[in-house]
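Participant: Under the numbering used here, residues 7 to 295 are what the sequence shown spells out, in order. Heads up, the beta-carbon is just placed ideally off N, CA and C, and yes, glycines get one too. Sending over a structure as C-alpha cells; questions will come in a sec.
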Amino acid sequence: MKIYELLQKKRTLSFEVFPPKRTDEGKEGIFATIDALKELSPDYISVTYGASGSNSRNAAEIAGYLKKSGIEPLAHLTGGPSSPEDIDRTAQEFLSLGVENVLALRGDKPVDCNVEYCKYFPHATDLMEYLKKYPFSLAGAAYPEGHPECDTLYKDLEALKLKQDAGAKFFVTQLFYDNSYYYRLVAEAKKIGITVPIIPGIMPLLKVQNIKRVKEMCGSAVPLEFRNMIEVYSDRPAVMEEIGLNYAVYQIIDLIANGVPGIHLYIMNNAKAAEAIYSRLERVFRELF
Ligand code: FAD
C-alpha cells in the first residue's frame, strides 16, 4: 500500500520505532513493541535507519516483520556515508521484503564527521533522485523550526520544495512542542507551491533530562509554559510523565482541530506511552481518522 494514496482518503495515525543498534542484539523486545502497537490500529509504522548505515539489516528485518504483521512499514533510508552500491543493496532488501514506502534522508552528520560523509548523496534530494529507479513511494523530512543548518526557515523551505520536486509524496516533520511553528511551516510551504501533505511529528516529553536532549538533537524549543510545568516536578517522575502525556494529547487535539492530514508519534519504542495517548484519545481517533 502506498501511504500517499492512503493520505488522499483518510487522516493517518502512525508511530516511529527504531531498531537495535547491533545486528547481534535480540529483536524480541522490538517485535513485542510492534505487537502492542498493532492493537492501536496504526495506518503505518516508520522504522529509523542509522546515519552510519550500520544497522541496515536490523531496520530491514523490522520492516519485514511489520509487513508480515499486516502493518505498512515506512522504511527510513539515509544517504549519509553510503555508496550507491550500499543503497542498492538495502533497496533490494527492502523490495524483497515488500517495502513500498521509503522516507529518504541525508542523515545526521556524526560529530566526528569526515569529508567522506555524504560524498555520494550530499542531500536527501540526491538520494531521492537515485531511488527513482526503484518502485518506492518516497517521503521526506520537514522542519517546523527550520533545519539547524539553515539560517532561516525560508532557506529551508526552498530545500523542502526541491524534495517535493525530487519525488517526495508527503513529509513527516521533526518533533516540536509549539504548534504555531507547524502552522507557519504549512502556510509558508503552500505559498511556494508545496502541495503534498505535511504530517506533524509529536514526541511526548516524559523525562526532564529530555528537554536538553531535544534542544541539542533537533533544536526544538520547549515553550516556557510547558517547561515550567515539567521542571517543577523534575523530581517526581510519575507526575512529570503524566504532564508530558497530557501535553502531547493537547498538541494532538489542537492539530486535529486545525485539519492536519495525520499524526505521527515518535514513541521511542515505548508502547506504553503510545497506549496512554491512544486511550486518552481513542474516540477521537475512531471518529476522525
Ligand atoms: P537534507 O534534506 O539534505 O537537508 C539538510 C540541510 O541541507 C538542510 O539545512 C536543508 O535546508 C539543506 N538542503 C536540503 N536539500 C538541499 C539541496 N538540494 N541543496 C542545498 N541545500 C539543501 N536521521 C537518521 O540518521 N536516521 C533516521 O532514520 C532519521 N529519521 C528522521 C525522520 C524525520 C521525520 C526527521 C525530521 C529527521 C530524521 N532524521 C533521521 C534526522 C535527519 O537525518 C537530520 O535532520 C539531517 O540533519 C537532515 O536530513 P534531511 O533528510 O532533512 O537532509
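Classify Y140 as helix, strand or coil using the three-state DSSP reduction.
Facilitator: Three-state DSSP puts Y140 in coil, outside helix and strand.
Participant: Of the residues A195, I40, T96, L13, which one's Cα is nearest the Cα of E281?
Facilitator: If we check each option's Cα against that of E281, I40 comes out closest.
Participant: Which residues are close to ligand 1, meaning CB closer than 5 Å to any heavy atom, in chain order?
Facilitator: Ordered along the chain, the selected set is T54, Y55, A57, H82, T84, L111, R112, G113, D114, H129, A130, T131, A147, H153, E155, C156, D162, A165, L168, V178, Q180.
Participant: What are the start and end residues of each continuous alpha helix (DSSP H) run of 4 or more residues lying completely inside the stretch 204 to 240, in chain order?
Facilitator: 216 to 224, 230 to 238, all fully within the stretch 204 to 240.
Participant: At the level of alpha carbons, what is the spacing between A66 and E31?
Facilitator: Using only the alpha carbons, I get a separation of about 14 Å.
Participant: Counting along the chain, where does the alpha helix (DSSP H) carrying K197 start and finish?
Facilitator: Its alpha helix (DSSP H) spans residues 185 to 197.
Participant: Helix, strand or coil: which one does DSSP assign to N107?
Facilitator: Correct three-state label for N107: strand.
Participant: With H, G and I counted as helix, E and B as strand and the rest as coil, what does DSSP make of F100?
Facilitator: DSSP places F100 in helix when its eight states are reduced to three.
Participant: In angstroms, rounded to a whole number, what distance separates the CA positions of E45 and E122?
Facilitator: When rounded, the distance between both Cα atoms is 43 Å.
Participant: Which residue wins for smallest C-alpha separation from A130, given the options E151, Q98, H82?
Facilitator: The residue with the shortest Cα to Cα distance from A130 is H82.
Participant: So, for E106: in the same chain, excluding its five sequence neighbours on each side, which residues have a beta-carbon less than 7 Å away from its beta-carbon?
Facilitator: Hits under 7 Å: M7, K8, F142, S143.
Participant: Express the C-alpha separation of G152 and L163 in angstroms, rounding to a whole number.
Facilitator: The alpha-carbon atoms of L163 and G152 are separated by roughly 8 Å.
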